[in-house]
Structure formats: structure tokens, C-alpha cells
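The structure under discussion appears below in the form of C-alpha cells.
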Amino acid sequence: MMFTAPVTLRGEHVLLSPLTPDDAAGLAAASADGDLSSLWVTPVPAPSEMDEFVAGRLAEVAAGSWVAFVVRTRPEGRIVGLTNYLNLDPVHPRVEIGGTWYAASAQRTAVNTEAKLLLLGHAFENLGCLAVELRTHVRNLRSRAAIERLGAHQDGILRKHRILPDGSFRDTVVYSILDDEWPAVRDRLRARLSR
């Protein structure tokens, strides 16, 4: 199925490649950069849990429910994070971009901007998506601001959407970008990268 076919996406600053078991060590180092597993805003496995996490994500990829991309800097090839397509719906062509996290040293750089440009471009231009969703915790103001800067529109809030490891509830904010909005979003992302 085209939606789940492995694909490599190349930009000037990043390379997004299909997740493999060999990526666990690089992802563990990225998780350690900024002690990401201690953050509440997004679940990031601790370095010691990365082998198990990668095996689990690869099982989800094999089942056709996720497409996982390792994010590498170019030209160095250093692994700095992970991003994914999930909630794949080829019948009503749409995907969600989510489960994204980056090493602290890669945050507030061109990495996320170009990764989103590549993922959105592939979704709209190759997969023929009508919409791409992005979701985050209602209290993750930094993530919400970044999603809104993309040009995504808030669709709503899923209340008590998830139970978190500490037993609290996550209200999830759902955003989307539509296919007819993509050209303006693409131009905005390209302009940000050229600065």
C-alpha cells in the first residue's frame, strides 16, 4: 500500500529515512541530549529503553499503522530525532504527523521546519492527502505555537483523550492543514528556511 511504503525524504538540512533496528543507539543518544525522557510534554523513551521502543515501533510499522522516520542532520548524518505518520486513512486520504521529538541540540534549528516541509509535501503531493493532522497536549503551548506557525487550523479538542503514565488525563488539541491550504503553507515554510 502506498501509504505505508517505506520512503526516504531528503532536504538541505535533514534526511528522513525509514526506522531500522540499527537506529536505536543513535536515537538513545538523541534522547539523552536534553534528558528528553524526563519531559512531560511528549513521551520520549529513556536511552535504556530505546531498543525495546524501536522494536515496538517497528511492529507497528509492520502492522501498517505507522510510518516511522529517523531524522538525521545533513550532511553529517547524525540522528537527532524521530517523526511519524500515523492514523493512516487511504480511503479518505489523510494522515497525522506525530510522535515527533528532537534532541535538545536540534531544537529551534532548521530541522523541524524542513522535516515538516518534507512530510507535508510527501503527504499532499505523493500520497494525495486531502488533509494532514497534527495533535498535541492542550497544555503544550510551545508545540501549539509551532503548529499554528505552520498555518494549521485548530479543529477542536478531544477531552480526556488519553490517560498519561501518571494517571492524569491528556486533552488533545487537533489541528489540520487541507490540500488547498498546502501551497501557502509550503511557501511559508520555504521562506522560513531561506532566512
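In numbering that gives the first Met the number 0, the protein residues as written are 0 to 194.
The beta-carbon is built from N, C-alpha and C at its ideal position, and this holds for glycine as well.
None of the values given here were measured: they were computed from a predicted structure.
Reference residue i, options the options, closest by Cα
i: Glu-147; options: Ala-105, His-160, Ser-167, Arg-187; result: Arg-187
i: Arg-185; options: Leu-15, Ala-61, Leu-117; result: Leu-117
i: Phe-68; options: Arg-143, Ala-23, Ala-130, Arg-194; result: Ala-23
i: Pro-89; options: Ala-4, Leu-133, Ala-58, Gly-98; result: Ala-4
i: Val-94; options: Arg-194, Met-1, Ser-30; result: Met-1
Collapsed DSSP secondary structure at residue i in the structure displayed
i: His-121; result: helix
i: Ala-31; result: helix
i: Ser-16; result: strand
i: Leu-192; result: helix
Burial state of residue i, where buried means 16 or more other Cβ atoms lie within 10 Å
i: Gly-76; result: exposed
i: Phe-168; result: exposed
i: Pro-20; result: exposed
i: Thr-7; result: exposed
i: Lys-159; result: exposed
i: Ser-30; result: buried
Residue-level contact to chain C via CB, residue i, 8 Å cutoff
i: Val-94; result: Protein chain content of the structure displayed is limited to a single chain, and chain C is not contained in it.
Backbone CA spacing between residue i and residue j [nearest angstrom]
i: Phe-52; j: Pro-44; result: 7 Å
i: Val-173; j: Leu-14; result: 27 Å
i: Leu-87; j: Trp-65; result: 7 Å
i: Pro-164; j: Gly-55; result: 17 Å
Residue i vs residue j beta-carbon contact at 8 Å
i: Ala-130; j: Asp-178; result: yes
i: Leu-81; j: Val-70; result: yes
i: Leu-18; j: Met-49; result: no
i: Gly-33; j: Glu-113; result: no
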